[in-house]
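> Numbering (my numbering), first residue to last: -11 to 210.
We put the CB at the ideal spot given by N, CA and C, even for glycine.
All figures in this text were calculated on a predicted structure; none of them were measured in a lab.
I'd like to ask some things about the structure below.
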């Protein structure tokens, strides 16, 4: 399955007057994109920024030195897209990384994710993988977002697609349903998901506040 990422116009970093792409390419590695701000944990890939998504990003008020854009401050709520292709399975503190992605996107911005499917051979063949994914892996970032203390914004899952293996193609040709194919080991190689940043409804904000209050003990209690 070929994924088409639409071109997007640059945005202005209001703090420093730097023109930055409106796309962030997470875990850029060898897939460096000229139309994006490229982030990777490994400096050896020569990304625009070296960043560890196991920790909150960006650091508040920090200026980052880049070769292409000079000194920049990465401002939350200003990016149209974040592309995470074959990277989330490597991140140990995934809720932290997903919170950073949510903060960086504008409302309506899209997080485009490609990950190995949990029943595929590729899910655990790489020893640096720390997790696998299936279609339920996004519930806590969408309908159960209050679990992470998200009180204003969350993700809405607008698309999910499966990249099937040769076995999956054979099953599809036989008329087997997508649901059944997804439950068949080795039939799906990878999953592509689009998550859109939305503002929570008043009901959703209320649920988030009540859940947070229930988790925070009153002063003097332990």
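Once you ignore the five residues that flank residue 118 on each side, which residues in its own chain have a CB closer than 8 angstroms to its CB?
77, 78, 79, 80
> Which residues in the same chain as residue 44 place their Cβ atom closer than 8 angstroms to its Cβ, once the five residues preceding and following it in sequence are excluded?
84, 87, 88
> I'd like the ranges of any alpha helix (DSSP H) spanning at least 4 consecutive residues and lying wholly in the stretch 151 to 185.
For the stretch 151 to 185, whole alpha helix (DSSP H) runs of length 4 or above, ordered along the chain, are 154 to 161, 166 to 170.
> Taking the beta carbon of residue 52 as the centre, do at least 16 other beta carbons fall within 10 Å, making it buried, or is it exposed?
Its Cβ being crowded by 16 or more others within 10 Å, residue 52 is buried.
> Would you give the residue range spanned by the alpha helix (DSSP H) that residue 83 belongs to?
82 to 92
> At which residue ranges does the stretch 6 to 76 contain complete beta strand (DSSP E) runs of 3 or more residues, listed in the order of the chain?
6 to 8, 11 to 14, 25 to 28, 52 to 54, 58 to 60, 67 to 73
> Rounded to whole angstroms, what's the CA-CA distance from residue 173 to residue 54? Just pull it up for me.
Each residue's Cα considered, the two are about 44 angstroms apart.
> For residue 220, name the three-state secondary structure that DSSP assigns.
In this structure the chain extends from -11 to 210, so residue 220 is not present and cannot be described.
> Between the C-alpha atoms of residue 269 and residue 71, what's the straight-line distance to the nearest angstrom?
Coverage of the chain is limited to positions -11 through 210, which leaves residue 269 absent and any answer about it impossible.
> Residue range of the alpha helix (DSSP H) that residue 113 falls in?
110 to 113
> I need the straight-line Cα distance from residue 114 to residue 74, nearest angstrom please.
11 angstroms
> Which of helix, strand or coil does DSSP assign to residue -4?
Reliability fails at residue -4, whose pLDDT of 39 lies under 50, so the model's placement of it is uncertain and no value is given.
> Would you call residue 103 buried or exposed, if buried means 16 or more other Cβ atoms sit within 10 Å of its Cβ?
buried
> Identify whether residue 148 lies in helix, strand or coil by the three-state DSSP scheme.
strand
> Below 6 angstroms CB to CB, which residues in the same chain sit around residue 264 once its five sequence neighbours on both sides are set aside?
No information on residue 264 is available, as it lies outside the stretch -11 to 210 that the chain covers here.
> Please report the Cβ distance between residue 188 and residue 196, rounded to the nearest whole angstrom; I am assuming they are in contact, meaning their Cβ atoms lie under 8 angstroms.
Right, the Cβ-Cβ distance comes to about 7 angstroms (below 8 angstroms), so this counts as a contact.
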